[in-house]
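In what follows, a single structure is set out as structure tokens and then discussed.
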Amino acid sequence: MYYTYILECADGTLYCGYTNDVEARVKTHNSGKGAKYTKSRLPVKVVWSSEHTTKSEAMSLEAKIKRLPREQKLELINGIS
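In my numbering, the protein residues as written are 15 to 95.
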């Protein structure tokens with residue numbers, strides 16, 4: 015299984031990514047070894063995730079979410095869409 019996820023960073027910003035293990039990926043982010051973006055915004059926490067059967071599905075959704083404005087990301091997180 016693969017997952018698309020959204021993190022909330024310590025400064026309130028949102029970060030979207032994909033992985034095959036959300037828990038391990040969040041630990042990597044919080045250890046400072048994750049994405050460059052999250053390194054200076056620790057700690058991070060998962061606020062949304064979605065499960066997919068293929069890596070390409072997870073990557074495709076990640077790309078779509080990254081193009082959304084913040085307000086639409088918040089609607090997705092809050093289940094308003």
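Using N, Cα and C, we set each Cβ at its ideal position, and we do this for glycine too.
Would you call Ile94 buried or exposed, if buried means 16 or more other Cβ atoms sit within 10 Å of its Cβ? exposed
Could you give the distance in angstroms between the alpha-carbon of Gln86 and the alpha-carbon of Lys78? 11 Å
For Asn34, which residues from the same chain have a beta carbon less than 6 Å from its beta carbon, with the 5 sequence-adjacent residues on both sides left out? Tyr16
Which full runs of the beta strand (DSSP E) of 3+ residues lie inside the region 17-86, going along the chain? 28-33 and 58-66
CB of Thr27 within 8 Å of CB of Glu76, strictly: no
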